[in-house]
Amino acid sequence: MTGYIALSLGLGIICGYWKVVPPVLLRYFSFLTDGALFVLVLGVGMEVATNRRTFLEVKSWKWRIVFLPLSGMAGSLLLSFMAVPFLGISWKEAMAVASGFGWYSLSGALLTHLAGPTLGATAFLANLFREILTFLGVGVVFRYLGDWATVALGGATSMDTTLGPITAVSNGRLSALAITSGLVHSLCVPVVLPLWVRHL
Amino acid sequence: MLLLFIALLAGFALGTIKWISPNITNLRGVFINGGILLLVFGMGLRIGANPQITENLRTVGLRALFLAVLSALGGVLGAFFVEKLLRKSMKGGNGK
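Protein chains in written order, with our numbering: chain A, 1 to 200; chain B, 1001 to 1096.
This is the structure:
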């Protein structure tokens, strides 16, 4: 599946870059991605209904489930902080970009507004790359690092776009965990991200 | 967002209601995988056609890629170790 995902993404980029699809038609292609996301989530709903183990997975962790998104977010911020000397931007800027947790549209727009277009573009691309990395890496992470790591990889996207691959690799077992973690990540983005550039 | 919630509920209903043909719910794999491929294709299309992205790629692309790898890896490792710790403590009978 990873191969097909990479192929599909590459094909899309080439078609877009070489204008295989006329720019006039391109705006209608947002319907395509919206429609694809709808179909995908519909499939996940069916998977969850057919495979109720996913609820047991959340239930078995009880209140400890909050540590999944929290540890994911803390890890993301910590490792990004450690790389500040190699990045050529201030630690606050690095933290702000990492606080997008994969939600590229919001983090890009927020940082363009709060810190200018260069950091906005960095946040947009970094979080877009994170989403792409999730699509490509979810199989390997699930195989070698287990459940929580798989869900945390998606960050905020694990409740929508990367919910599909997470559901697919785990046969539906991690769907509910992914929705929960993605929701907490998503709620934190607009709160945590401005903190670094505004108040510190 | 609301639409996605509706899709999730609709899928759940389709999978739950007994009199709906299992042939439909058996297609869930096709829905998920087909959805992923279409979504990724559409994403690529918009990336390739957006000059803002392709132009910025040259200037901030490498930094963005580095940050993406680190934030993804950090999230993965953080969750991995905390899951391990919690499983250990749950096995030990603490907090049960």
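We treat Cβ as the ideally placed atom computed from N, Cα and C, and that holds for glycine.
Cβ neighbour criterion (16 or more within 10 Å) applied to residue i
i                 : result
Met95 (chain A)   : buried
Arg1086 (chain B) : Here residue 1086 (chain B) is Leu; the residue named in the question, Arg, does not match the sequence. Label assigned to Leu1086 (chain B): buried.
Gly1095 (chain B) : Its pLDDT being 46, under 50, Gly1095 (chain B) is placed unreliably in this model, and the coordinates cannot settle the point.
Phe1005 (chain B) : exposed
Ile1024 (chain B) : exposed
Pro85 (chain A)   : exposed
Ile5 (chain A)    : buried
His113 (chain A)  : exposed
Ala69 (chain A)   : The question names Ala, yet the displayed sequence has Pro at residue 69 (chain A). With 16 or more other Cβ atoms within 10 Å, it is buried.
Of the residues the options, the one placed nearest residue i, counting alpha carbons only
i                 : options                               : result
Ala83 (chain A)   : A:Arg198, A:Ala98, A:Leu9             : A:Ala98
Leu1014 (chain B) : A:Val48, A:Ala176, A:Gly116, A:Ser76  : A:Val48
Ala1068 (chain B) : A:Ser76, A:Gly3, A:Ser186, A:Pro23    : A:Ser76
Gly88 (chain A)   : B:Trp1019, B:Phe1066, B:Val1082       : B:Phe1066
Pro165 (chain A)  : B:Thr1016, B:Leu1039, B:Glu1055       : B:Leu1039
Phe142 (chain A)  : A:Glu131, A:Arg130, A:Val169, A:Leu37 : A:Val169
Ala123 (chain A)  : B:Val1082, B:Ala1064, B:Leu1009       : B:Ala1064
Neighbour flag for residue i against chain B, beta carbons, 7 Å
i                : result
Cys15 (chain A)  : yes
Ala109 (chain A) : no
Glu47 (chain A)  : yes
C-beta neighbour in chain A for residue i, strict 7 Å
i                 : result
Gly1092 (chain B) : no
Leu1062 (chain B) : no
Leu1116 (chain B) : The requested residue 1116 (chain B) is not part of the displayed model; chain B covers only 1001 to 1096.
Ile1020 (chain B) : no
Ser1071 (chain B) : yes
Arg1028 (chain B) : yes
Partner residues on chain B for residue i, Cβ-Cβ distance less than 9 Å
i              : result
Ile5 (chain A) : Ile1036, Leu1037, Val1040
Chain-ordered neighbours of residue i on chain A, where CB pairs are closer than 7 Å
i                 : result
Asn1056 (chain B) : Ala121, Leu125
Interface partners of residue i on chain A, CB under 9 Å
i                 : result
Asn1023 (chain B) : Chain A residues near Asn1023 (chain B): none, gap ~12 Å exceeds 9 Å.
Neighbour list for residue i in chain B, Cβ cutoff strictly below 8 Å
i               : result
Phe29 (chain A) : Gly1042, Leu1045, Arg1046
Ala83 (chain A) : Phe1066, Leu1067, Leu1070
Within chain B, partners of residue i - CB distance below 7 Å
i               : result
Ser90 (chain A) : Per Cβ cutoff of 7 Å: no residues; Ser90 (chain A) is ~13 Å from chain B at best.
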